[in-house]
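K.L.:
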Amino acid sequence: MSSRFNSVISFHSFPLHKETRKKWLHNIRREDYKVSPNTRICSRHFRSDDFIEQSTPTSRRLLRKGAVPTLFMWNDSSSTSAPKRFGLWKKRSVTSAIKQRPVQKNFQHQEHDYCLSAVHDDLVLDQTEDLRKEVERLKRRVAELAVLQRFCLGRFAASDDDIQFYTRFATYNHLMAFWRLIEPASHNMVGLTRARTAAATEVGSSNSTSCQSMQPIDEFFLFLVNLAVGLTERDLAHRFNIHQSAVSRIIKTWASFLCAILGSVRIWMSEEAVEAHMPKEFQDYPGTHVVIECIEMRCQAPSFLLLQGEGSQCTYRGLIGMAPHGAVTFVSSIFAGSVSDKELLKKSGIVSLLKPEMAIMVNKVLFIDDCVPCKVYQPAYLLKMEQMPVDKVREAQLRVHIERLFRRVKQHKLLDTVIPSSDTRTINRLYTVACLLINYQNGPLLKAWAND
1 MSSRFNSVIS
11 FHSFPLHKET
21 RKKWLHNIRR
31 EDYKVSPNTR
41 ICSRHFRSDD
51 FIEQSTPTSR
61 RLLRKGAVPT
71 LFMWNDSSST
81 SAPKRFGLWK
91 KRSVTSAIKQ
101 RPVQKNFQHQ
111 EHDYCLSAVH
121 DDLVLDQTED
131 LRKEVERLKR
141 RVAELAVLQR
151 FCLGRFAASD
161 DDIQFYTRFA
171 TYNHLMAFWR
181 LIEPASHNMV
191 GLTRARTAAA
201 TEVGSSNSTS
211 CQSMQPIDEF
221 FLFLVNLAVG
231 LTERDLAHRF
241 NIHQSAVSRI
251 IKTWASFLCA
261 ILGSVRIWMS
271 EEAVEAHMPK
281 EFQDYPGTHV
291 VIECIEMRCQ
301 APSFLLLQGE
311 GSQCTYRGLI
321 GMAPHGAVTF
331 VSSIFAGSVS
341 DKELLKKSGI
351 VSLLKPEMAI
361 MVNKVLFIDD
371 CVPCKVYQPA
381 YLLKMEQMPV
391 DKVREAQLRV
401 HIERLFRRVK
411 QHKLLDTVIP
421 SSDTRTINRL
431 YTVACLLINY
441 QNGPLLKAWA
451 ND
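Structure (structure tokens):
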């Protein structure tokens, strides 16, 4: 209790004068009581004439020199009623009787009710409740600002446009549904397990952000940003406030993990399943089972090739197949950029999956007709015409549809940028995961994408 919050009650320190302090100690009736500099006595134990008259109502209340607290329950005195005046001799006899009264060792000191009134009490409680609510609101606001300052998944959770830009997942709920599928298996990741162990040992040792303090879902978000936006490792290190070496570790760890998880799912579809989802654009190309295209990637040359010139690059090629309705059904390994179309087709392994009754379609001109046991469709690129025949209109619609199919792959900017120097296994895994994620990031082609 402080007098700052009560204009009626005041609290007073024990006097330094030995005799006056002795009287104070005698009147408060506490044996072996040690007075500290913080010990105070309430103004209700003093008479009104013990105080110096105040110049203003808000002035600090001061005791007169030599004032002694005399209003206590043990002497039947009350601070709310005026003291009775006695004659000189009667006053002496009462005082003598009080001095002769023994100290009550088991006297229970009761606390005062310092509230002015019930109305004042309710007002204080209301103010306390309002302050508590304000503190809670400010805490939530601080937490929100802390999230907004960090580059993490939670920062963009409310914006599906941002989620699609940074991860290529259609919505935040879509992304979280995929995370719930892989999260149980993520506990077995070696790199992630070590990071969690290190984080557990460093709790309380430092408040700074480090790679060990990143949540698994934020590591997954970092990996998706790397694929979707193609940011450099240094840029990602600045955005996520971690060391560049930690970025490299996270990308390699998640590439290996997702390649193993997504690669274990069979994606080659049966003829019946493909036919059931066949778009109308393929009505003139019956039996089309897969549309294939070669993907080329650029990578920084390994260190032993950098002698050829600063900024030397290596090229890799891979083969990807998509069902007519948009699902990725085949992803090959990557090969050197010098490999021919026919050699790439043979090494990819897709030929063993094809049957004579099937048909394949190539997005670009590939000289592979004599390499497959089935029919090959190669729709031509159409030049702009003033008046286009009906059959050419359908072919143009097919070409637009195919471009939308493979645009999903090309939306991963990492495949369009120069990939940092790394071993072939890491590049192969990044390429494979980028292709396989398309089946989870998007559904069948939608009308809403017609203007994309």
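Under the UniProt record's numbering, the first residue of the sequence shown carries the number 1, and numbering increases by one thereafter. Backbone N, C-alpha and C fix where the C-beta goes; we use that ideal spot for every residue, glycine too.
Leaving aside the five residues before and after D341 along the sequence, list all residues of the same chain whose C-beta is less than 8 Å from its C-beta, in chain order.
P.N.:
Excluding positions up to five away in sequence, the list reads C294, L366, F367 and I368.
K.L.:
According to DSSP, is M176 part of a helix, a strand, or is it coil?
P.N.:
Of the three classes helix, strand and coil, the one that applies to M176 here is helix, per DSSP.
K.L.:
Note the first and the last residue of the continuous alpha helix (DSSP H) segment covering F220.
P.N.:
From DSSP, the alpha helix (DSSP H) with F220 extends over P216 to V229.
K.L.:
What does the alpha-carbon distance come out to for the pair L227 and K133?
P.N.:
Whole-angstrom Cα-Cα distance: 43 Å.
K.L.:
From what residue to what residue does the beta strand (DSSP E) around H238 run?
P.N.:
That residue, H238, is in no beta strand (DSSP E); its alpha helix (DSSP H) goes E233 to F240.
K.L.:
In whole angstroms, give me the CA-to-CA distance for V8 and R140.
P.N.:
Cα to Cα, V8 sits roughly 38 Å from R140.
K.L.:
Write down the C-beta distance between C371 and M358 rounded to the nearest angstrom, noting that I regard them as a contact closer than 8 Å.
P.N.:
Their Cβ separation, rounded to whole angstroms, is 14 Å, which puts C371 and M358 out of contact at 8 Å.
K.L.:
For the 8 Å Cβ check, are there 3 or more pairs between the stretch 319-331 and the stretch 273-281?
P.N.:
Verdict: yes, contact present.
K.L.:
Can you pull the DSSP bridge partners for H277?
P.N.:
H277 pairs with nothing; no bridge assigned.
K.L.:
Within 10 Å of its beta-carbon, does L88 have 16 or more other beta-carbons around it, so buried, or fewer, so exposed?
P.N.:
The pLDDT assigned to L88 is 48, lower than 50, so where the model puts this residue is not dependable, and the model offers no usable value.
K.L.:
Between the Cα of I334 and those of H45, M214, R150 and V433, spot the shortest distance and give me the residue it belongs to.
P.N.:
Closest by alpha carbon: V433.
K.L.:
Does DSSP put R317 in a helix, a strand or coil?
P.N.:
Strand, per DSSP.
K.L.:
When DSSP builds the beta bridges, which residues end up paired with L63?
P.N.:
F51.
K.L.:
Comparing C-alpha positions only, which one of K22, D126, K34 and C314 sits nearest to V339?
P.N.:
Residue C314 is the option with its Cα nearest to V339.
K.L.:
Along the chain, where does the beta strand (DSSP E) containing T329 start, and where does it finish?
P.N.:
Here the beta strand (DSSP E) through T329 covers V328 to V331.
K.L.:
F178 and F165 - do their beta-carbons sit closer together than 8 Å?
P.N.:
Not a contact, by the Cβ cut-off of 8 Å.
K.L.:
Would you decide whether S43 is buried or exposed? Buried here means 16 or more other CB atoms lie within 10 Å of its CB.
P.N.:
By the 10 Å Cβ count, S43 comes out buried.
K.L.:
Can you tell me the Cα-Cα spacing of W449 and E272, whole angstroms?
P.N.:
In this prediction, W449 scores a pLDDT of 38, lower than 50, which makes its location untrustworthy; no coordinate-derived value is stated.
K.L.:
Starting from the C-beta of S332, find all residues in its chain whose C-beta is less than 6 Å away, skip the five residues before and the five after it, and write them out in chain order.
P.N.:
Only G318, L319 and S348 meet the Cβ criterion.
K.L.:
Tell me whether the beta-carbon of F11 lies closer than 8 Å to the beta-carbon of I52.
P.N.:
No; because the gap between Cβ atoms is not below 8 Å, this pair is not in contact.
K.L.:
Which same chain residues, not among the five before or five after I261, have their C-beta less than 8 Å away from its C-beta?
P.N.:
Closer than 8 Å at the Cβ level, and outside the excluded window around I261, lie I182 and A185.
K.L.:
Tell me the rounded alpha-carbon separation between L153 and T426.
P.N.:
Taking the straight line from one Cα to the other gives about 24 Å.
K.L.:
Quick check on the DSSP output: the beta strand (DSSP E) that includes F72 runs from which residue to which?
P.N.:
Looking at the DSSP string, F72 is not in any beta strand (DSSP E), and its letter there is neither H nor E.
K.L.:
Is the beta carbon of W74 sitting closer than 8 Å to the one on R29?
P.N.:
In contact: W74 and R29 (Cβ atoms closer than 8 Å).
K.L.:
Does DSSP classify F257 as helix, strand or coil?
P.N.:
Three-state result, F257: helix.
K.L.:
Determine the DSSP secondary structure at T288, reduced to helix, strand or coil.
P.N.:
Strand.
K.L.:
Reducing DSSP to helix, strand and coil, say where H243 ends up.
P.N.:
Coil.
K.L.:
On the three-state DSSP scale, how would you describe I251?
P.N.:
Correct three-state label for I251: helix.
K.L.:
Grouping DSSP H, G and I as helix and E and B as strand, with all else coil, what is V35?
P.N.:
Note: V35 maps to coil in three-state DSSP.
K.L.:
Specify, as a first and last residue, the run of the alpha helix (DSSP H) that A434 falls within.
P.N.:
Here the alpha helix (DSSP H) through A434 covers T424 to L436.
K.L.:
Expressed to the nearest angstrom, what Euclidean distance is found between the alpha-carbon atoms of H243 and K346?
P.N.:
Approximately 42 Å, taken between the alpha carbons.
K.L.:
Considering only C-alpha positions, which residue in the set D284, A336, R239 and A246 is nearest to Q378?
P.N.:
Nearest C-alpha to Q378: D284.
K.L.:
Alpha carbon to alpha carbon, how far is H174 from Y440?
P.N.:
Roughly 8 Å between the two C-alpha positions.
K.L.:
Around the Cβ of N442, are there at least 16 other Cβ atoms within 10 angstroms (buried) or fewer (exposed)?
P.N.:
Classification of N442: buried, given that the 10 Å Cβ count is 16 or more.
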